[in-house]
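Add 5 to a position in the sequence shown, counting from 1, and you land on the number used in my numbering. Working notes for the structure below.
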Amino acid sequence: MTVESARSLADELRRSWAQFDLDELTSDAVKYLTAGTPTDWGLPSNPPSRVPPITLGSGIPDPASLPREPLIEAMKRALDTVDDGPLRYGGGVGFEPLRAELAARYTRDRGFPVTSDHFLLTNGSAGAIDQVCAALISPGDIVITEAPTFSGSIRTFRGHQAEVHTVPMDNDGMQVEHLEPLIKRLHAEGRKVKVIYTIASYHNPMGVTLAYERRVQLLQIASRYGIFVIDDDAYGELYFDVDKKPTALSAMSECEGVITVGTFSKVIATGLRVGWIHATPEVLDRVVRMRFEMGNSPLLHGMLYEFVKDGGLDRHLDHVRKIYRRKLEALTAALHEYCEPYVTWRRPGGGFFLWVSLTNGLDARKVQAVAIEEGFVFPGGFAFFPDRIDTGEHIRLAFSWASEDDLREAARRLAKACEIVANGGG
Ligand SMILES: Cc1ncc(COP(=O)(O)O)c(C=O)c1O
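Structure follows, in structure tokens:
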């Protein structure tokens, strides 16, 4: 084929394709999902800031904590095999030794003995939720989430054409007393409620933890109606006080009706893209049936196994927990110092996020807009409500990634923005 004839074929195809509308050819789901990042906070990609901006946006690990050298060494050990295992297709459930490591950790830390058959490795916890949805959700089914919740998961549920309904939150997590009336109403309308999605420990965005009594009630209500609980445990290992660590929903239920999703993203690095689903082998069997992308990288699984085993992950976790506790203290001390009349918050017991309430009727959207001009970028609380309806006074500050100096400077800039808005500016 000559260059000319190839070009004329392409021209002919372009004319032919021009008669079709892409929206008619793509799925129903893609039509009503807006373009944007998975988290979609409506923040400008080039903030119009007067000074180089500080961003307390995503929940990303501290950059200095990333264990580059140990991962290089772990990768070398993973590749040092006589066979071609790490460089061959790995299958739908993932590398057995890494699943066995996870099982040993869960058995040790959560009080219910499990085996590698209770774990399936995925493309991060976002991938885990996507795979669970593929196995559970048919178009039109209902997913109940907390409000607020992690905006990425709302996109996933809607991508599977589920309808999202919400239950409000307070400082003890999901207000479970709203669950049963909601379920009854939806059932009376002939709807199928398939999933209750919770971030029970160190919530994103609120930082709070579901109280023990509410955990019991959640499990009881869900079991009464045959609704799976997805416990998104992305931050569960990142507690600041081991004595106050909550009891895991998976252990309380012995995995009956509970599907836990976990990830190496927050405890090691988001770029790994390795997470897991923890559930009964029967549920995992349904998930594997819906897995068509031939599993994840056995090479990465091998590297992670080499990193995690023999206490490697425990040592790393001890180190990073201290970093995040220090960063939280730096941020809250600076908020006390600079922003006191304008903000209140409740100290989270772990995780990456501080949920800040603005006082004196300050509006989060206005403060956000002025703060961007002042060089401080953060999501407003409204971004985490599926219907985007918030009382308007919340902002979320992710303290994991920025340096302690930047956290202090961010608080100073926030105080300035609050002051401008309080004085009628913005
Ligand atoms: C609650 C929650 N779940 C899931 C994810 C996705 O993480 P992963 O990198 O494991 O896909 C995030 C990331 O911010 C999160 O905050």
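We put the beta carbon where it would ideally sit given N, CA and C, even for glycine.
Going by alpha carbons, who is nearest to residue 268 out of 236, 22, 23? Taking residue 268 as reference, the option from 236, 22, 23 with the minimal CA-CA separation is 236.
Beta-carbon contacts of residue 83 that lie in its chain and below 6 Å, excluding the five residues immediately before and after: Closer than 6 Å at the Cβ level, and outside the excluded window around residue 83, lie 91, 307, 308, 311.
Could you pull out every residue in the same chain whose Cβ sits closer than 6 Å to the Cβ of residue 52, ignoring the five residues on either side in sequence? Correct list, in chain order: 58, 377, 382.
Closer than 7 Å: residue 51 CB and nearest ligand 1 heavy atom: Distance from the C-beta of residue 51 to the nearest heavy atom of ligand 1 is not below 7 Å.
Rounded to a whole number of angstroms, what is the C-alpha to C-alpha distance between residue 119 and residue 287? About 14 Å.
Using a Cβ-based criterion (distance less than 7 Å to any ligand heavy atom), does residue 268 qualify as near ligand 1? Flag set: Cβ of residue 268 near ligand 1.
Does the distance between the C-beta of residue 239 and the nearest non-hydrogen atom of ligand 1 fall short of 7 Å? It does: the Cβ of residue 239 is within 7 Å (strictly closer) of some heavy atom of ligand 1.
Quick check on residue 357: buried or exposed, where buried means 16 or more other Cβ atoms within 10 Å of its Cβ? Its Cβ being crowded by 16 or more others within 10 Å, residue 357 is buried.
Is residue 208 helix, strand or coil by DSSP? Of the three classes helix, strand and coil, the one that applies to residue 208 here is coil, per DSSP.
Out of 145, 230, 206, 328, which has the shortest C-alpha to C-alpha gap to residue 1? There is no way to answer for residue 1, as the model of the chain reaches only from 6 to 431.
Check whether the Cβ atoms of residue 55 and residue 276 lie closer than 8 Å to each other. No, they are not a contact pair.
If we count the other Cβ atoms within 10 Å of its Cβ and call it buried at 16 or more, is residue 174 buried or exposed? Around the Cβ of residue 174, a 10 Å sphere holds 16 or more other Cβ atoms; the residue is buried.
For the beta strand (DSSP E) containing residue 364, list its first residue and its last residue. Here residue 364 belongs to no beta strand (DSSP E), and DSSP marks it neither H nor E.
Length of the line joining the Cα atoms of residue 233 and residue 407: Residue 233 and residue 407: Cα-Cα distance of roughly 36 Å.
Let me know the secondary structure DSSP gives residue 265 once reduced to three states. Looking at residue 265 - three-state DSSP - the assignment turns out to be strand.
Can residue 240 and residue 97 be called in contact, C-beta distance under 8 Å? Not in contact: residue 240 and residue 97 (Cβ atoms no closer than 8 Å).
Residue 68, DSSP secondary structure in three states: In this structure, residue 68 counts as helix in the three-state DSSP scheme.
Run through DSSP, which three-state label would residue 38 get? DSSP places residue 38 in coil when its eight states are reduced to three.
Anticipated Cβ contact below 8 Å, residue 219 with residue 177, distance rounded: The Cβ separation is near 6 Å, so the contact holds.
Reducing DSSP to helix, strand and coil, say where residue 124 ends up. If DSSP states are grouped into helix, strand and coil, residue 124 belongs with the strands.
Inter-residue spacing [alpha-carbon to alpha-carbon] between residue 27 and residue 384: Take the alpha-carbon of residue 27 and the one of residue 384: they are about 32 Å apart.
Span separating the alpha-carbon of residue 151 from that of residue 217: The straight-line gap from Cα to Cα measures roughly 17 Å.
Provide the residue span of the alpha helix (DSSP H) that contains residue 510, from first to last. The chain is shown from 6 up to 431; residue 510 falls before or after that span and cannot be answered.
Buried/exposed call for residue 74, threshold 16 Cβ in 10 Å: By the neighbour-count rule (16 or more Cβ atoms within 10 Å), residue 74 is not buried but exposed.
Do residue 270 and residue 129 count as a contact pair if the criterion is CB distance below 8 Å? With contacts defined as CB atoms closer than 8 Å, residue 129 and residue 270 qualify as a contacting pair.
Taking the Cβ atom as the reference point for each residue, do residue 159 and residue 346 lie within a distance shorter than 8 Å? Judged by beta-carbon spacing, residue 346 lies beyond the 8 Å limit of residue 159, meaning their Cβ atoms are not closer than that value.
Helix, strand or coil for residue 197? Go by DSSP, reduced to three states. If DSSP states are grouped into helix, strand and coil, residue 197 belongs with coil.
Ignore the nearest five residues each way along the sequence and tell me which others in residue 76's own chain have a CB closer than 7 Å to its CB. Same-chain partners within the cutoff: 308, 312.
N- and C-terminal bounds of the alpha helix (DSSP H) containing residue 82: For residue 82, the enclosing alpha helix (DSSP H) covers residues 73-84.
Quickly, what does DSSP pair residue 151 with across the bridge? List them, please. In the DSSP output, where bridge partners are listed per residue, residue 151 has 172.
Name the residue from 339, 341, 323, 297 whose alpha carbon lies nearest to the alpha carbon of residue 1. Residue 1 lies beyond the stretch modelled for the chain, which goes from 6 to 431, so this question has no answer here.
Among 70, 101, 7, 68, the one whose alpha carbon lies nearest that of residue 300: Taking each of 70, 101, 7, 68 in turn and checking the Cα distance to residue 300, the smallest one comes out for 101.
Any heavy atom of ligand 1 inside 7 Å of the beta-carbon of residue 275? Of the heavy atoms belonging to ligand 1, at least one sits nearer than 7 Å to the Cβ of residue 275.
Does the beta carbon of residue 129 fall short of 7 Å from some heavy atom of ligand 1? Under cutoff, so the answer is yes.
Who are the Cβ neighbours of residue 293 in its own chain at under 8 Å, not counting the five residues just before and after it? Within the same chain, Cβ atoms closer than 8 Å to the Cβ of residue 293 are found at 97, 98, 125, the five residues on either side in sequence being excluded.
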